[in-house]
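Residue 1284 in my numbering sits at position 186 of the sequence shown; the count goes up by one each step and never skips. We put the beta carbon where it would ideally sit given N, CA and C, even for glycine. This report refers to the structure that appears directly beneath it.
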Amino acid sequence: MSIETPGRPVGRRLSRPERRPGSYREPVLLAERGVRELVTGWCLVGVALAGDLAAFFIVLAVLFEAAPMFILAVSLGFAVGAIIVTHAIGKELAERRCADPKAHTVLLAGAVGTWLLLGLTAFVARYRFGPEKTGDTGAVFPSGALDIAPATSGNGQALAAAGLFAALYLASGLGAIYVSYRWFNPLADAYRRAGRHLHRVVVAETESRAALVRAEHVLYQHEREYEREKDRWRAAREQAFALMLELQNYARNLMASGTQDPSSTDGLTGAGPYPLIAGLQPSPMQPSPMQPSPITGAAGDREVSSDPSENELGDGTPRP
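Quick look at the structure:
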């Protein structure tokens, strides 16, 4: 549909330019991480941990006069804590980049403040209590090298040493933040979780398919057995009906021969397998020569009854 607007040619369609989705919303980023990305990320994390360890060791060696191994252990704890804080910063930045509803601004601000406060405290301690001002070398890093005292001292050298510490701390922290920012992707993580869940479901479905096939075969066998039983029931029913009809015919013959009147059984089995013989009575016996002759005619052959005759259905309709 075209809209005519002044200053624009007729037929031009008004539409907003499509906004390119964010980089973390790209479908290509939903694939699994490659070996190169994993190796690069872990190398950056290792370098950041080593940088923080060296920086904190230098500061703690200036502040405390203790065994180098003890200072190294404490420095390792501070370095691991700094790496955890930088990981939290990178994760929160990634969540904000992806517009994840779980992103928390207060948590991000707290992590950034903690990381900067830790670095600033170490920077001030290195600047104020460094060997350039006190003339004490303190503990040394257990590297096996000879201990060499500083040749000169002064504010410039102390500031330079503190600045070197700050640069090392910032570089290692930013490297850890970058790795966490690049690695953490809510959409990719959800995709991987869905993939793992799908794999578990497929495995469970594969394991249950055998039971389903066995149940289907058992059901098929029961259905066939039901059909066979139904056929046998029909055959037995038909055989019983045939026997019943044969017995009816035999009973009709017996009644006809017993009454000496075949017409008395006419229609007895013509209504179906269930005959009704109500109203049928045998004919009177033949009179003896000593008795008077009975009345001749139609009444002489059969006994006349005052009740209405019934057919085989018993509905009162006269028998034809």
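For residue 1287, the enclosing alpha helix (DSSP H) has its first and last residue at 1284-1357. The straight-line gap separating the alpha-carbon atoms of residue 1139 and residue 1202 is approximately 25 angstroms. Within the same chain, Cβ atoms closer than 6 angstroms to the Cβ of residue 1198 are found at 1284, the five residues on either side in sequence being excluded. Contact annotation: residue 1177 and residue 1162 have beta-carbon atoms that are not nearer than 8 angstroms. In the three-state scheme derived from DSSP, where H, G and I count as helix and E and B as strand, residue 1259 is classed as helix. Per DSSP, residue 1176 is one residue of the alpha helix (DSSP H) stretching across 1166-1195. Secondary structure of residue 1201 (DSSP, three-state): coil. A residue is called buried when at least 16 other Cβ atoms come within 10 angstroms of its Cβ; residue 1263 meets this threshold and is buried. Within the same chain, and ignoring the five residues on either side of residue 1281 in sequence, the residues whose Cβ sits closer than 7 angstroms to its Cβ are 1139. A direct Cα-Cα distance of roughly 17 angstroms separates residue 1274 from residue 1173. A contact is defined here as three or more CB-CB pairs under 8 angstroms, and the stretch 1144-1151 meets this definition with respect to the stretch 1178-1185. Residue 1188 places its beta carbon 8 angstroms or farther from that of residue 1270. For residue 1323 and residue 1305, the gap between their C-alpha atoms comes out near 29 angstroms. By the neighbour-count criterion, in which a residue is buried when 16 or more other Cβ atoms sit within 10 angstroms of its Cβ, residue 1193 is buried. Of the candidates 1254, 1267, 1208, the residue whose Cα lies closest to the Cα of residue 1219 is 1267.
Under the three-state reduction of DSSP, residue 1155 is assigned to helix. Residue environment: residue 1296 is assigned as exposed (fewer than 16 neighbouring CB atoms within 10 Å of its CB, all protein chains considered). DSSP, read as helix, strand or coil, puts residue 1162 in coil.
In the assembly as shown, residue 1185 is a buried residue. Its beta-carbon has 16 or more other beta-carbons within 10 Å. Residue 1225 is not a Cβ neighbour of residue 1265, given a cutoff of 8 angstroms. In this structure, DSSP gives residue 1221 a helical state, which the three-state scheme calls helix.
The Cβ atoms of residue 1160 and residue 1258 lie no closer than 8 angstroms to each other.
When only Cα atoms are considered, residue 1227 and residue 1260 end up about 10 angstroms apart. Note on geometry: alpha-carbon atoms of residue 1342 and residue 1336 lie some 10 angstroms from one another.
Sequence-distant Cβ neighbours of residue 1212 in its own chain, meaning closer than 6 angstroms and more than five residues away, are 1183. Taken atom to atom, the span from the alpha-carbon of residue 1286 to that of residue 1169 is near 40 angstroms.
In this model, residue 1290 and residue 1254 are separated by some 53 angstroms (Cα to Cα).
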